[in-house]
Amino acid sequence: MAEPTELLALARTFGDSVLERWERLVSLETPSADPGRAAVFGKDLAAGLAATADRIGHPSGPGGDHLVAYWNGRGTPDDGPGTGHTLLVAHSDTVFEAGTIARRPFTLAKDGDTVTGPGVFDMKGSLVAVELAMDLLSRTGAAPRRPVRLVVVNDEEIGSPDGSRLVARHAEGAHAVLGLEPPLPGGALKIGRRGVARVRLSVRGVGAHAGLDAALGVSAIDELVDQLASLRATAASLPDAALNVGTITGGTRANVVADHAEAEIGLRYATPETEQALLGALLTPTPVRERAVLSARTLSHRPAWAMDPANPLAAELVALAGTWGLKLPLGSSGGAGDTNLTGALGIPTVDGLGPAGAGAHGEDEHASLSSLLERAALIAAFLESH
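Taken in order, the sequence shown gives residues 1 to 386; the numbers are from UniProt numbering.
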């Protein structure tokens, strides 16, 4: 059995090799919905995991292949649902377009700890941490107590339209779920997430000459405006609800009554009750105008994962970190991720186990090398003992 202090001490000797691996993964750019780049990255990631994993699969998806790696537990093979495995959830895609790395290369700051570059924080550093965590167990002669599965989807940044299916399948029978997304400010773990949905609301009206035959027409734009005003009022009446109209299109000319219009709407909600009320209002709209025809289509959806301050899985991680004298704050995230699904299903879930940093999706994205080493040791210690 590897002691947590032994794992942390060993992790801290891998700074140089971790930087080299981190730079490699960041240099392999992975914008969402790019199957070719997803395949190249998946092959490289699999090569790094192959040193410790018992098997690795590459389930196909519209945006390219995802990755699932498997490790057997001590005397317990992963032979399918019901094994009580620990599920690690991550993603390989970033929000950055191909070519960004040429302008913003992977760089280690003069402080010897801060790393910058596209995707270093969200979330290439987390993938390096998992590789190191499993290597630490191997080098100390230890093994995960339970079977472990790592699911790496390639479409998280666009709502996991296909990856959520993979996460749901591998969550079946899981004992616990560790999300490898970046932590909250200060390195805090996430024990709750607001839910998010994107919905397209479309209106079909009746076109007509706006001067000669206006009464014969039905303005799709006017109908859409009234629908959006009603939705805003509904959102304002609900606790912890947010509504954002991201895009609006419709009509053809100022002298023509618009026969079509649509809006793409983003919803955020903190509880299942608010989620149900918001989505119910949006997905079953009632026309204001008699001849207007409305339709709503869900583009992506992540359920609310309500925060539980007594989360027992988080308490175990906090206790492990405490053996090193490290404090792990806890909090809830306003953003959604793949752990929304597992948390909403009631599976013990904690997210934010990636290295500390800031600036996700921005020009100043950065992460901490020392934090990555600590997170790798924490993941290894948890898997070995739980």
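Virtual Cβ for every residue (Gly too), placed ideally from N, Cα, C.
Here D93 carries a coil assignment [DSSP, helix/strand/coil]. With 16 or more other Cβ atoms from the protein chains shown falling within 10 Å of its own Cβ, K190 counts as buried. Taken through DSSP and simplified to helix, strand or coil, H301 comes out as strand. Sorting G207, M123, L87 and L326 by C-alpha distance to the C-alpha of G73 places L87 at the top. Checking the DSSP bridge columns, you'll see P31 partnered with T94. Contact holds between the stretch 265–284 and the stretch 186–200, because three or more Cβ pairs, one in each stretch, are under 8 Å apart. By the criterion of at least three beta-carbon pairs nearer than 8 Å, the stretch 154–167 is not in contact with the stretch 373–385. L136 sits close to A377, with the two beta carbons spaced by under 8 Å. Beta-carbon to beta-carbon, A358 and D122 are separated by about 10 Å, too far to satisfy the 8 Å threshold. Residue range A220 to A236 is occupied by the alpha helix (DSSP H) that includes L224.
Taking a C-beta distance under 8 Å as the contact criterion, P355 and S371 qualify as a contact pair. Burial is judged here by how many other beta carbons sit within 10 angstroms of a residue's own beta carbon; T342 has at least 16 and is buried.
Contact between W305 and N340 holds: CB atoms are separated by about 5 Å, below the 8 Å threshold.
In this chain, the alpha helix (DSSP H) harbouring A376 covers L369 to S385. Counting along the chain, the unbroken beta strand (DSSP E) around V115 starts and ends at T114 to T116.
For G57, the pairing in a beta bridge is given by DSSP as V68. Only buried fits S126, as 16 or more other CB atoms lie within 10 angstroms of its CB.
Look at L180 here: in three-state DSSP terms it is coil, with no helix or strand label. It is roughly 35 Å from the alpha-carbon of A235 to the alpha-carbon of D34. Boundaries of the alpha helix (DSSP H) around N340: T339 to A344.
Residue pairing by DSSP puts L330 in a beta bridge opposite L189. Counting C-beta pairs closer than 8 Å gives fewer than three between the stretch 243–254 and the stretch 283–296, which falls short of the contact rule. With a cutoff of 8 Å on beta-carbon distance, A336 and G195 are scored as near each other. The shortest C-alpha to C-alpha distance from G112 to any of L369, I379 and R375 is the one to L369. Within a 10 Å sphere around the beta-carbon of S17 sit fewer than 16 other beta-carbons, which makes this residue exposed. Around the beta-carbon of S60, fewer than 16 other beta-carbon atoms lie within 10 Å, marking it exposed.
By the neighbour-count criterion, in which a residue is buried when 16 or more other Cβ atoms sit within 10 angstroms of its Cβ, M134 is buried. Secondary structure at T100: helix, using DSSP grouped into helix, strand and coil. With fewer than 16 other beta carbons inside 10 angstroms of its own, K327 counts as exposed.
Put simply, the backbone Cα of F14 is about 8 Å away from that of L373.
The Cβ atoms of V89 and V177 lie closer than 8 Å to each other. The shortest C-alpha to C-alpha distance from V95 to any of L228, T271, Q227 and V26 is the one to V26.
Ranked by how close their Cα comes to the Cα of H175, the residues D351, W22 and L313 have L313 in first place.
If you draw a 10 Å sphere on the C-beta of N244, you find fewer than 16 other C-beta atoms in it, and that means exposed.
Within the stretch 119–161, the beta strand (DSSP E) runs of at least 3 residues that lie entirely inside it are, in chain order, 148–153. Within the DSSP secondary-structure output, H85 pairs in no beta bridge.
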